[in-house]
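If you count by our numbering, then the sequence shown holds residues 249 to 488, one letter each, in order.
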Amino acid sequence: MTEKLYLQNSYIKETRSTLISNEDNLLEFNRTIFYPTGGGQPCDTGIIRISGKSYNVIDVIKKGDTVLHMIGSQLDASKGEVIQEIDWNRRYSHMRYHTAIHIIDAVVHHSAGKYGLITGSQIYQDRARVDFDFPEFSRELADRIIEDSNLVIAQKHPILIKEMTSEEALAIPDLARTEPGRELIRKLNIVRVIEIVGVDAQADGGTHVNNTAEVGKIQLSGIESKGRRNKRMNILLDTQ
Ligand SMILES: [Zn+2]
Numbered sequence: 249m250t251e252k253l254y255l256q257n258s259y260i261k262e263t264r265s266t267l268i269s270n271e272d273n274l275l276e277f278n279r280t281i282f283y284p285t286g287g288g289q290p291c292d293t294g295i296i297r298i299s300g301k302s303y304n305v306i307d308v309i310k311k312g313d314t315v316l317h318m319i320g321s322q323l324d325a326s327k328g329e330v331i332q333e334i335d336w337n338r339r340y341s342h343m344r345y346h347t348a349i350h351i352i353d354a355v356v357h358h359s360a361g362k363y364g365l366i367t368g369s370q371i372y373q374d375r376a377r378v379d380f381d382f383p384e385f386s387r388e389l390a391d392r393i394i395e396d397s398n399l400v401i402a403q404k405h406p407i408l409i410k411e412m413t414s415e416e417a418l419a420i421p422d423l424a425r426t427e428p429g430r431e432l433i434r435k436l437n438i439v440r441v442i443e444i445v446g447v448d449a450q451a452d453g454g455t456h457v458n459n460t461a462e463v464g465k466i467q468l469s470g471i472e473s474k475g476r477r478n479k480r481m482n483i484l485l486d487t488q
């Protein structure tokens with residue numbers, strides 16, 4: 249099992265770690281700050297330094313409880329002390345987009361049931377998309393959701409990472425919004441919950457910013473209809 253430092257603190261840009269195995273340049277460390285692809289969030293990239301040499305981390309994948317790091321050139325060592333360094337601009341952009349999606353989700357969900365349900369999302373470094381099941385959808389509604397989301401951002405809500413038992417997590421109203429989500433939580437001993445204080449709480453394994461203000465302003469770059477009720481919003485954040 250890999251100790252996942254990115255779950256404890258998303259702001260660690262560099263750390264020491266120990267290489268414990270190397271199979272065809274797929275590296276396992278005792279702990280890592282590299283986020284593996286998952287939950288609609290792309291993996292981190294960056295470098296590891298070992299014995300005075302640098303290697304590019306080009307892909308990060310999760311296999312069970314283990315995080316594996318693919319490097320772009322041959323490393324002969326399979327043990328040793330390393331320094332890990334993530335591409336911070338890329339990660340921080342993912343953190344801002346990921347948090348923006350939580351805020352949009354909360355706005356949609358808490359608006360007295362007059363909107364719809366989020367069914368999926370995908371984050372990129374410079375944009376994101378959010379998919380909804382909306383009985384009725386229009387550009388005006390999408391604009392209103394983004395406007396309300398920007399109001400939440402401007403209120404500067406702190407964002408906390410909490411750990412709790414599955415019973416405690418399931419007792420929070422709206423924490424898991426779908427039955428498959430609740431089923432997943434029931435199977436966990438410890439549930440990681442991301443709380444946007446005063447706004448929303450969700451079980452989640454991604455990386456987020458510490459305050460909604462860091463998201464900046466959300467722009468709606470377009471809407472798409474993918475079916476009768478299946479609608480998509482494309483968003484952009486201001487560069488910072
Ligand atoms: Zn999240």
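C-beta atoms are modelled at their ideal positions from N, C-alpha and C, and glycine is treated no differently.
Of the listed residues the options, nearest to residue i (C-alpha basis)
i: K252; options: R425, A424, G312, I407; result: G312
i: N459; options: V400, M249, E262, Q450; result: V400
i: T254; options: V463, E462, D452; result: As written in the sequence, residue 254 is Tyr, which differs from the Thr given in the question. When each option's Cα is compared against that of Y254, the closest is D452.
i: V355; options: N337, L389, Q322; result: L389
i: D272; options: K301, H317, Q256, S258; result: H317
i: K474; options: V378, E431, T413, I433; result: V378
i: T365; options: R425, I260, Q322, I483; result: Note that residue 365 is Leu in the sequence shown, not Thr. Of R425, I260, Q322, I483, the residue nearest in Cα terms is R425.
i: R375; options: H405, I349, H357, E395; result: I349
i: D324; options: I394, V447, Y303, S258; result: Y303
i: R387; options: S269, G287, I471; result: I471
i: N278; options: T455, T413, T263; result: T263
i: K301; options: Y283, R440, L408, S321; result: S321
i: T418; options: R434, K327, P428; result: According to the sequence shown, residue 418 is Leu rather than Thr. When only C-alpha atoms are compared, the closest one is R434.
i: G454; options: S369, N398, I393; result: S369
i: S359; options: I394, Q373, N337; result: I394
i: E415; options: I407, H405, R430, I409; result: R430
i: I466; options: V315, I295, S341; result: S341
i: Q403; options: K261, I306, A461; result: A461
i: T314; options: G287, Y283, L436; result: Y283
i: F380; options: I407, V463, I442, T367; result: T367
i: H405; options: V463, T487, N257; result: V463
i: S265; options: G328, M249, Y259; result: G328
i: N257; options: Q373, D353, R440; result: R440
Nearest-angstrom beta carbon gap, residue j and residue i [assumed within contact, 8 Å]
i: I334; j: I281; result: 6 Å
i: L274; j: L267; result: That belief does not hold up - the Cβ atoms of L274 and L267 are roughly 11 Å apart, past 8 Å.
i: P383; j: R477; result: 6 Å
i: D292; j: R344; result: Actually they are not in contact, since the Cβ atoms of D292 and R344 sit about 14 Å apart, beyond 8 Å.
i: I371; j: Q289; result: 5 Å
i: L468; j: I444; result: Not really, about 20 Å apart at Cβ, beyond 8 Å.
i: V447; j: T347; result: The pair is not a contact, with the Cβ atoms about 11 Å apart (cut-off 8 Å).
i: I331; j: R297; result: 4 Å
i: S269; j: S326; result: 6 Å
i: T285; j: I319; result: Not quite, the Cβ-Cβ distance comes to about 16 Å (not below 8 Å), so this is no contact.
i: V305; j: G287; result: About 19 Å; that fails the 8 Å criterion.
i: I442; j: I407; result: 7 Å
i: H357; j: D422; result: 7 Å
i: W336; j: K410; result: Between K410 and W336 the Cβ distance is about 25 Å, and since that is not below 8 Å, they are no contact.
Residue i beta carbon near ligand 3 (any heavy atom closer than 7 Å)
i: D452; result: This structure simply doesn't include ligand 3; it includes ligand 1 instead.
Residues sharing a beta bridge with residue i, DSSP
i: M249; result: None; M249 has no bridge partner.
i: N459; result: P406
i: D448; result: I444
i: N304; result: I295
i: R264; result: I331
i: V356; result: Answer by DSSP bridge pairing: none, since V356 is not bridged.
i: K310; result: V315
i: Q256; result: Looking at the DSSP assignment, Q256 forms no beta bridge with any residue, so it has no partner.
i: T280; result: K252
i: G470; result: N482
i: I438; result: T413
i: M270; result: The sequence as given places Asn at residue 270; Met does not occur at that position. Answer is L275.
i: G286; result: Q289
TODO: Just list the alpha helix (DSSP H) runs in the region 358-409, keeping only unbroken ones of 4 residues or longer that don't cross its boundaries, in chain order.
DONE: 387-402, all fully within the region 358-409.
- [ ] Return the chain-ordered ranges of every alpha helix (DSSP H) run that is complete within the region 313-342 and spans a minimum of 4 residues.
- [x] None, since the region 313-342 contains no complete alpha helix (DSSP H) of that length.
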